[in-house]
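For what it's worth, the numbering used here labels the leading residue of the sequence shown as 15, then goes sequentially. Encoded as structure tokens, the structure appears first; notes follow it.
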Amino acid sequence: MKLIYLLLFSLCLQPALAQKTSLSVYLNGGLGAFRGESTVKTTSLSTGGPFCRCEGSQANSFGAKNAVSYGAGFILQRQFKSNVLLGLDLGYELLRTKASLTELQLDDMIMQVDGKSISYNHFANIFPHVGYQFNVNEDFHIAVSGGADFGIGLDSYHKLTVTDFIKRSYNNTDIIPGLDFRPRLQVELGSDKLSFRAGYSYGLKNWMGHYDGGNPEAYMNVIRLGARYRLF
């Protein structure tokens, strides 16, 4: 958090030190997925029951397959005369992950199915970043920046779908961390008014760090593609 305070302080320095300060809005689409030893690409669901004499079990929430995610927010950025960039993104994100649901057990009946297990994770996201802008000409630039996502976990739920058999949603707030930390690299192409961005975030927070037994691991990775529009 000290990095965020330092960036906020720098952004508030006298305007004479900077070439320009801008406020923009952004919209992102992308892909989210978990990585780690405890993540899965396929999972199963069991209801349990008296005939199988077994207890029910939920599908694994830590899907290693990519699922469509999205976000939106504001960017406060200062560009110095040296073309060094100092910025802060503040926004909301829904990061989804997926696993294929391949087996469904209803009491003592075991069926091979073609279903989906999708985890929905809501965040307030803070992205302080430092970068450099290469001006190709007056109307086109390329900017490269790096920083880290500080994702404040808001809510999480899990949706299971098997056509003609089951469609179930349930809250899963115990899996989402209070703060998810993801170093991030980003490239931006465009003009002063409108630009397009691509970025990759590599999660370092173990979402299963509080689980008992063994050494469970699940980290969130995010690929983002989006657009930025400068308000002033």
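Positions of the beta carbon are idealized from the N, C-alpha and C atoms, including for glycine. Owing to the predicted nature of the structure, the values given are computational and were not obtained by experimental measurement.
Original post:
Anyone know if the C-beta pair for Ser52 and Lys79 falls short of 8 Å?
Top reply: The residue you call residue 52 lines up with position 38 of the sequence shown. The residue you call residue 79 lines up with position 65 of the sequence shown. Not a contact, by the Cβ cut-off of 8 Å.
**OP:** Rounded to whole angstroms, what's the CA-CA distance from Phe141 to Thr116? Just pull it up for me.
**Re:** Counting from 1 along the sequence shown, the entry for residue 141 is found at position 127. Counting from 1 along the sequence shown, the entry for residue 116 is found at position 102. Going by the C-alpha atoms only, they are around 37 Å apart.
**OP:** Would you please state the rounded distance, in angstroms, between the beta carbons of Asp121 and Gly160? I believe it to be under 8 Å.
**Re:** For the purposes of this step, residue 121 is taken as the residue at position 107 of the sequence shown. For the purposes of this step, residue 160 is taken as the residue at position 146 of the sequence shown. The distance from the Cβ of Asp121 to that of Gly160 is about 53 Å, inconsistent with a contact at the 8 Å cut-off.
Subject >> Other residues of its chain near Glu231: CB distance less than 7 Å, five sequence neighbours each side excluded >> reply: By 1-based counting over the sequence shown, the position of residue 231 is 217. A distance below 7 Å between beta-carbons, with the five flanking residues on each side excluded, links Glu231 to the following residues of its chain, in chain order: Gly50, Glu51, Ser52, Asn220, Met222.
Original post:
Is there contact here, the segment 198-209 with the segment 71-89, by at least three beta-carbon pairs under 8 Å?
Top reply: When Cβ pairs closer than 8 Å are counted between the two stretches, the segment 198-209 is seen not to touch the segment 71-89, the count staying below three.
**OP:** Report whether the distance from the Cβ of Gln72 to the nearest heavy atom of the ligand NAD is below 7 Å.
**Re:** Ligands are entirely absent from the displayed structure, and the ligand NAD is therefore not among its contents.
Original post:
Is the segment 59-73 touching the segment 161-169, taking contact as three or more C-beta pairs under 8 Å?
Top reply: Touching, no, given that fewer than three Cβ pairs across the two stretches are closer than 8 Å.
Subject >> Cβ-based burial, Ile190 [other Cβ within 10 Å; buried from 16] >> reply: Here residue 190 refers to the residue found at position 176 when the sequence shown is read from its first residue. Buried, because 16 or more other Cβ atoms sit within 10 Å of the Cβ of Ile190.
Original post:
Do we get a CB-CB distance below 8 Å when we pair Cys66 with the residues of chain C?
Top reply: Looking at the structure shown, chain C is missing, and only one protein chain is on hand.
Original post:
In its own chain, which residues sit with a C-beta less than 8 Å from the C-beta of Gly77, not counting the 5 before and 5 after it?
Top reply: If you number the sequence shown from 1, residue 77 lands on position 63. Once the five neighbours on either side are set aside, the close Cβ partners of Gly77 are Ala47, Phe48, Thr53, Val54, Lys55, Thr57, Thr111, Lys112, Ala113, Ser131, Ile132, Ser133.
Subject >> Backbone secondary structure at Asp169 - three-state DSSP >> reply: Counted from its first residue, the sequence shown places residue 169 at position 155. In this structure, DSSP gives Asp169 an extended state, which the three-state scheme calls strand.
Subject >> Host beta strand (DSSP E) of His143 (start-end) >> reply: On the sequence shown, position 129 is the one that residue 143 refers to. Residues 123-151.
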